[in-house]
Amino acid sequence: MPNDSPQLRANLIACLPSLVIEEVAAESGQRVVYFGHFEDDQIPVDVVPDEHSNFLHGWQQWGRVVVKVVAGASPDALARLQTETSILEELRPANFPTLRYCNLFVDNPVTDERLPEGLYVSIEEFVISTTLTNTMAAYEGNAQAVIELCLGIANALIPLWSHPRRFVHRDIKPENILIRPTGEVVVIDLGIVRETGRAGITQEGWGNAPLTLDYAAPEQIANDKDAICFKSDFFAIGVLMYRLICGKHPFRRDAHMNNFELATAIESTPAQPLSEVAEVAEDVSNFVDWLMRKAPWQRPRNPALFVQALTELKLRMET
Amino acid sequence: MPLRLLHQVGHNSIWNVESFQEDQCGDGLILSPLHQNMSTVERLTPGTRAASIFDPQFFLPSSQKPKLLSYPFFPQGVDGGFQTSTFNSHARDVAEACIRFQRDLGFRTIVVPTRFIDQLYSDYIDRQRRFTVDAFMEAAGDSPLCLSVAVTAAMIEDPVFRTRLLNWMTSYPNLEEVYLMYQHTRDSKQVQDADFLRACMDFFREIVGSGLALTVGYTNGEGMLFATAADLTFTMGSFENTRIFSVDKFLQSEGERRGPKARIYLAGLMNWVQFQDAQTIRTRAPAIWARVYEPTEYAERALALAVEPTFNQPQLYKHFFENMQAQLANTRVASLADRRRMLRGCLEQAKSAYAQLQAHGIELERHGRGGHIDPWLEALA
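Top to bottom, those sequences are chains A and B. Residue numbers 1 to 319, in our numbering, belong to the letters of the first sequence in order. Residue numbers 1 to 381, in our numbering, belong to the letters of the second sequence in order.
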């Protein structure tokens with residue numbers, strides 16, 4: 001899996017020569033994310049547009065872009081990634097960034113050498129926004145704003161949840177929630193999205209699923225693939241609501257908990273009711289508790305019911 | 001079956017079709033649904049289809065490539081997306097539809113697809129049988145069939161695994177042909193591993209010796225070596241990924257990437273060299289050029305251009321096809337022993353040409369150099 005390095009950048013520029021890398025946006029175990037833009041006058045003369053392709057030509061007008069690079073993944077894993085990018089293509093949800101381009105590169109076209117690891121590159125629209133991570137404190141004690149926010153998240157995810165292939169985001173967390181200056185919510189990172197019931201690319205069993213532990217549902221931790229569905233996203237939204245309203249994680253009893261202890265708590269320890277740790281209406285506390293039930297079947301029955309309950313809470317708080 | 005040469009169709013399949021139909025290069029085509037959507041294949045002339053085989057290319061059944069998905073029987077298009085766990089319940093329907101398609105279009109034979117499995121699993125054959133083979137065998141009835149199998153180099157080099165493959169392939173009475181390709185991971189464009197080449201030649205000799213016809217797909221120059229082992233069919237392709245098998249091609253979008261520098265095939269070097277290196281040889285060492293370059297109208301046109309041709313123009317590939325056709329015509333009529341002798345002679349001449357280029361101070365780019373010559377001679381020894 002890749003790290004930002006001069007070699008990785010050189011390989012990327014060889015494949016996309018008009019790309020100007022501005023900075024590293026994120027590095028994770030799975031990939032490197034860059035911010036950048038394209039400059040048409042950097043397109044080499046041998047890259048000529050034809051009737052099939054406008055590769056690189058006119059890409060300057062995209063402005064700032066997000067460039068995601070995954071390296072060294074197996075063909076099956078890459079096929080899964082392509083499924084995910086094709087979901088973006090297929091659904092084009094308004095509240096997801098626009099996918100501009102994606103491809104797998106296996107050769108360096110300048111040196112004509114095989115790359116040490118194939119690079120799967122996707123280029124997405126750069127969304128002018130702030131991540132929720134930077135604004136979390138503003139939500140503390142403001143249940144009404146949190147409910148508004150979660151309705152925005154739900155609206156972004158409904159095209160996934162209600163798709164015939166029953167997609168699940170699986171990684172709802174503050175870093176993946178962007179808020180535009182207009183207040184509109186944008187959900188990013190379909191990196192670990194999966195179809196409900198599909199075998200997937202990870203191994204079976206506890207600890208093998210890709211996840212962000214702080215927001216993972218018990219069935220994700222157990223890697224119970226049959227049980228992972230839109231309700232896993234409900235659980236993450238429940239954790240998010242709890243954290244935003246009271247400023248504390250529902251399952252982190254203290255700051256020194258290790259991952260195993262946290263995972264065990266998520267799987268088996270009920271959270272202290274939100275109404276006991278924050279000044280919040282009982283119905284809001286009950287709703288959050290409903291989302292964070294350990295067994296998926298105990299959470300809201302379907303996305304429509306989830307949105308309806310959130311909307312009712314919102315209306316009650318407004319009156 | 002005599003020695004034969006097929007086009008390994010890839011991106012811009014029209015070049016292969018034109019080369020076959022207009023220049024009479026090759027004995028037919030191996031059609032590629034990855035690069036040709038269903039209507040393109042259906043529009044081919046009946047004569048071309050009858051000389052060709054259609055490989056359904058189920059190697060990566062979850063591939064999202066749009067042209068593959070234009071075939072309703074491609075696994076990813078079945079039941080909302082491929083799943084190993086549920087595909088079995090659709091395998092029979094897929095087999096029937098795929099066989100019907102091949103039969104209705106009148107291809108030379110019916111190809112049974114398999115999955116690319118890159119590990120020497122103890123249940124490798126079981127997996128292939130469960131995936132498609134049992135369903136296709138059942139659906140095909142008594143029709144003659146061709147089994148398409150992509151293996152790894154390790155599978156060919158391991159004599160025990162090789163024997164298992166042979167036993168499996170020969171266990172179907174109506175299987176007449178095997179279409180085999182190998183993923184040989186290397187950092188050179190030509191195979192430079194004499195042991196691997198020897199193992200291939202042994203394996204291919206065994207397959208043909210068992211009574212099966214054999215087509216070896218995705219061959220680069222080593223196809224000429226294999227022709228010394230048995231009367232088999234080998235292939236020629238335009239872009240490099242039709243001359244080296246890799247499952248990556250089921251993930252890449254070829255039209256939407258920057259291509260490599262243009263190369264030209266020099267028959268006297270038995271290799272592709274960068275076009276600008278070829279121009280250097282032509283200018284600075286015309287006597288060597290005359291020995292290594294087999295002129296064709298296509299190459300002459302490319303060499304006369306004021307600007308260097310790009311990798312995605314057809315002339316240099318059509319030149320290669322004509323050179324290969326000429327080499328095949330000389331080889332086909334010879335006995336296996338004569339083929340070995342002839343090829344050894346060609347390799348010795350190439351070796352000497354490379355030495356002379358070096359003596360002239362002409363440095364070729366790494367892949368255009370003669371690193372393949374000695375291993376090929378060794379494999380022939």
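Idealized CB from N, CA, C, for every residue including glycine. Small disclaimer: the values here were computed from a predicted structure and weren't measured.
Self-check item: Contacting positions in the stretch 147 to 171 of chain A - beta carbon closer than 9 Å to chain B
Solution: 164, 165
Quiz item: Using a beta-carbon distance cut-off of less than 9 Å, what residues from the stretch 344 to 374 of chain B approach chain A?
Solution: 365, 366, 367
Quiz item: Relative to the C-alpha of residue 297 of chain B, which residue among B/257, B/53, B/314, B/164 is closest?
Solution: B/314
Practice problem: Put residue 25 of chain B into one of helix, strand or coil per three-state DSSP. | Solution: coil
Quiz item: Run through DSSP, which three-state label would residue 319 of chain B get?
Solution: helix
Exercise. Determine, using beta carbons only, whether residue 282 of chain B comes closer than 8 Å to chain A.
Key: no
Exercise. Using a Cβ-Cβ cut-off of less than 9 Å, list which residues of the stretch 4 to 25 of chain A approach chain B; keep chain order.
Key: 14, 15, 16, 17
Quiz item: Where residue 43 of chain B and residue 193 of chain B are concerned, what is the direct C-alpha to C-alpha distance, given to the nearest angstrom?
Solution: 41 Å
Quiz prompt | DSSP bridge partner residues for residue 68 of chain A (one or two, in chain order) | solution = A/33, A/122
Exercise. May I ask you to list, following chain order, the residues of the stretch 247 to 263 of chain B that have a beta carbon less than 8 Å from some beta carbon of chain A?
Key: 247, 248, 250, 251, 252, 253, 255, 256, 257, 258, 259, 260, 261
Practice problem: Report the neighbours of residue 60 of chain B on chain C: residues whose CB is nearer than 8 Å to its CB, in chain order. | Solution: The displayed structure is made up of protein chains A and B, and chain C is not among them.
Quiz prompt | Listed by chain order, chain A residues near residue 64 of chain B by CB distance under 8 Å | solution = 79, 82, 83, 86
Quiz item: So residue 280 of chain B packs on residue 243 of chain B, CB below 8 Å; how close in whole Å?
Solution: Actually they do not touch by this definition, with Cβ atoms about 24 Å apart.
Exercise. Compute the Euclidean distance between the alpha carbons of residue 123 of chain A and residue 16 of chain A, then round it to the nearest angstrom.
Key: 11 Å
Practice problem: Quickly, what does DSSP pair residue 265 of chain B with across the bridge? List them, please. | Solution: B/272
Exercise. Specify whether the stretch 249 to 267 of chain B and the stretch 176 to 186 of chain B touch according to this definition: at least 3 beta carbon pairs, one from each stretch, less than 8 Å apart.
Key: no
Quiz prompt | Span of the beta strand (DSSP E), counted from its first residue to its last, around residue 26 of chain A | solution = 19 to 27
Practice problem: Report the residue from A/253, A/261, A/257, A/263 whose alpha carbon sits nearest the alpha carbon of residue 272 of chain A. | Solution: A/253
Quiz item: Does the stretch 13 to 27 of chain A come close enough to the stretch 278 to 295 of chain B to have 3 or more Cβ pairs within less than 8 Å?
Solution: no
Quiz item: Under the rule that 16 or more other beta-carbon atoms within 10 Å means buried, what is residue 278 of chain B, buried or exposed?
Solution: buried
Quiz item: So what's residue 181 of chain B in DSSP terms, helix, strand or just coil?
Solution: strand
Quiz prompt | Ordered list of alpha helix (DSSP H) runs contained in the stretch 136 to 217 of chain B, each at least 4 residues | solution = 153 to 157, 159 to 169, 194 to 209
Quiz item: For the stretch 80 to 106 of chain B, which residues have a beta carbon sitting closer than 8 Å to at least one beta carbon of chain A?
Solution: 80, 81, 83, 84, 85
Quiz item: Do residue 205 of chain B and residue 229 of chain B have their CB atoms nearer than 8 Å?
Solution: yes
Self-check item: Which of helix, strand or coil DSSP assigns to residue 9 of chain A
Solution: helix
Practice problem: Helix, strand or coil for residue 116 of chain B, going by three-state DSSP, please let me know. | Solution: coil
Quiz item: Tell me which same chain residues have a C-beta within less than 6 Å of the C-beta of residue 110 of chain A, skipping the five on either side of it?
Solution: 14
Quiz item: From the beta carbon of residue 310 of chain B, is the nearest beta carbon of chain A less than 8 Å away?
Solution: yes
Self-check item: Members of the stretch 120 to 131 of chain B that neighbour chain A once the beta carbon cut-off is set at 7 Å
Solution: none
Quiz item: Can the beta-carbon of residue 140 of chain A be found less than 8 Å from the beta-carbon of residue 238 of chain A?
Solution: no
Quiz prompt | Contiguous alpha helix (DSSP H) assignments of at least 4 residues, all confined to the stretch 227 to 266 of chain A | solution = 230 to 246
Quiz prompt | Span of the alpha helix (DSSP H), counted from its first residue to its last, around residue 40 of chain B | solution = 38 to 42
Self-check item: Three-way DSSP call (helix, strand, coil) for residue 107 of chain A in this model
Solution: strand
Quiz item: If you run the structure through DSSP and keep just helix, strand and coil, what is residue 327 of chain A?
Solution: Residue 327 of chain A is absent from the model: chain A starts at 1 and stops at 319.
Self-check item: Three-way DSSP call (helix, strand, coil) for residue 57 of chain B in this model
Solution: coil
Exercise. Using the Cα positions of residue 283 of chain B and residue 269 of chain B, report the straight-line distance between them to the nearest angstrom.
Key: 17 Å
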